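A.B. asks: Counted from 1, the sequence shown has number 16 at position 2 by my numbering; the numbering is strictly sequential.
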Amino acid sequence: MKQLTKAEEEIMQILWQLKKANVKAIIEEFPEPKPAYNTVSTIVRILESKGFVDYEKQGKGHLYFPLVQQQEYSNQSINKLVDNYFQGSFKSMVSFFVKKNDISLNELESVLKEINKKK
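1) Taking the CB atoms as reference points, tell me whether residue 60 and residue 43 lie closer together than 8 Å.
2) Residue 77 lies in the alpha helix (DSSP H); which residues open and close that run?
3) State buried or exposed for residue 92, treating a residue as buried only when at least 16 other CB atoms are found within 10 Å of its CB.
4) Is residue 99 buried or exposed, if buried means 16 or more other CB atoms sit within 10 Å of its CB?
5) For a quick check, are the C-beta atoms of residue 36 and residue 72 less than 8 Å apart?
6) Provide the residue(s) that pair with residue 70 in DSSP beta bridges, ordered along the chain.
7) Would you kindly work out how many angstroms separate the C-alpha atoms of residue 34 and residue 78, rounded to a whole number?
8) Can residue 108 and residue 125 be called in contact, C-beta distance under 8 Å?
Here it is, written out as structure tokens:
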């Protein structure tokens, strides 16, 4: 699966939330200042060419919807992060966040409980 740019990911987040949307509806979800219609339309077409979205005809326009599920993309992104920055070690990643971000004891216990559920 290809990685997305920040702009592509922002649009995917909106599409995952809305399920189906035309370009105008996507733009409405952005905070001010809103991006230009042509910019969003171009990015959506790039997402289509990458296989992340498809569309169905709606009058003269298109209604876009995600082909890639959010969880699927999130899993792939996390695995890539762990591989690229932590040599494939989730332990190293958790250790990094504990050291650098002052994770509370409650948050760490919560993470450990989630890990234990998966065993």
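Cβ atoms here follow ideal geometry from the backbone N, Cα and C, with glycine treated the same way. Quick caveat: nothing in here was measured; it's all calculated off a predicted structure.
C.D. replies: According to the structure shown:
1) As a position in the sequence shown, residue 60 is number 46, starting the count at 1. As a position in the sequence shown, residue 43 is number 29, starting the count at 1. No, the Cβ-Cβ distance between residue 60 and residue 43 is not below 8 Å.
2) Taking the first residue of the sequence shown as position 1, residue 77 is located at position 63. Here residue 77 belongs to no alpha helix (DSSP H); instead the beta strand (DSSP E) covers 75-80.
3) As a first step, residue 92 must be located in the sequence shown, where it is residue number 78. That one is exposed.
4) Within the sequence shown, the letter at position 85 stands for residue 99. Exposed, because fewer than 16 other Cβ atoms sit within 10 Å of the Cβ of residue 99.
5) If you number the sequence shown from 1, residue 36 lands on position 22. If you number the sequence shown from 1, residue 72 lands on position 58. A contact, by the Cβ cut-off of 8 Å.
6) On the sequence shown, position 56 is the one that residue 70 refers to. The partner list for residue 70 (beta bridge, DSSP) reads 77.
7) Counting from 1 along the sequence shown, the entry for residue 34 is found at position 20. Counting from 1 along the sequence shown, the entry for residue 78 is found at position 64. The straight-line gap from Cα to Cα measures roughly 5 Å.
8) What you label residue 108 is simply residue 94 of the sequence shown in a count that begins at 1. What you label residue 125 is simply residue 111 of the sequence shown in a count that begins at 1. It is a contact, given that the beta carbons lie within the stated cut-off.
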